[in-house]
Amino acid sequence: IIIEDTVGDATKAVTATKKLITKDQVLAIVGPSRSGTTMAVIPIVEEAKVPLISCAAAEAIVVPVKSWVFKTPQKDSHAALRIYETMREQGISKIAIITGTTGFGDQGRKQLKKLAPELEIEIVADETYGPNDTDMTAQLPHIFG
């Protein structure tokens, strides 16, 4: 077992993946655990024909289907669908969403926006925040205003 730590950085994930494939000549890779880092290494493992089992959830990791990339968590659309079904059961039909701009947040946002009309959920505000943001005050007026 060879361990590489990407620290959630796409550039480091690419470097680590190239090392694992070319220098270490691994038979398969388990990880990364974040959607953004996984998306960054997909072209590399596909070209090298090295199986990648991602621990990240973004639907775009496996859709469209790839030959060498797999993932273990549920798809974003399953999570978004279940959230919306629960909201509908509770009589909620209007929401504001605030999502991160990382791979998982971005892909989750896409699914929330895609599925909302099907389930008659109206998104009245759609805000994002960056991975280093610690204060969401700038987004709140758009949500409450």
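First residue of the sequence shown? That's 1 in the UniProt record's numbering, and the numbers climb one at a time after it. Where a beta carbon is used, it is the ideal one built from N, C-alpha and C, also for glycine.
Backbone CA spacing between residue i and residue j [nearest angstrom]
| i | j | result |
| --- | --- | --- |
| Gln74 | Ala10 | 22 Å |
| Val69 | Leu52 | 5 Å |
| Asp126 | Ile97 | 5 Å |
| Asn132 | Gly145 | 25 Å |
| Lys114 | Glu122 | 11 Å |
| Lys66 | Ala28 | 15 Å |
| Ala57 | Gly103 | 9 Å |
| Ile83 | Val63 | 21 Å |
| Arg88 | Arg109 | 18 Å |
| Ser93 | Pro141 | 20 Å |
Cβ neighbours of residue i in the same chain (closer than 7 Å, five flanking residues each side left out)
| i | result |
| --- | --- |
| Ala48 | Ile21 |
Close Cβ partners of residue i (< 6 Å) along its chain, the five nearest in sequence each way excluded
| i | result |
| --- | --- |
| Gln111 | Asp76, Ser77 and Ala80 |
| Thr128 | Thr99 and Thr101 |
| Ala13 | Thr6, Pro32, Thr37, Ala40 and Val41 |
| Ile61 | Thr38, Ser54 and Lys71 |
| Ala116 | Ile123 |
Cβ-based burial, residue i [other Cβ within 10 Å; buried from 16]
| i | result |
| --- | --- |
| Met39 | buried |
| Val124 | exposed |
| Gly130 | exposed |
| Gln107 | buried |
| Ile35 | The sequence shown places Ser at residue 35, not Ile. It counts as buried. |
| Ile44 | buried |
| Thr86 | exposed |
| Ala16 | buried |
Nonlocal neighbours in the same chain, by C-beta distance under 8 Å from residue i, ignoring five residues either side
| i | result |
| --- | --- |
| Ala72 | Here residue 72 turns out to be Thr, not Ala, going by the sequence shown. If we look at Thr72 and ignore the five residues flanking it on each side, its Cβ neighbours are Ile53, Ser54 and Cys55. |
| Glu46 | Lys66, Ser67, Trp68 and Val69 |
Inside the UniProt domain "Leucine-binding protein" (1-142) only - alpha helix (DSSP H) runs reaching at least 4 residues: As far as the UniProt domain "Leucine-binding protein" (1-142) is concerned, its whole alpha helix (DSSP H) runs of at least 4 residues are 10-22, 35-48, 76-89 and 103-115.
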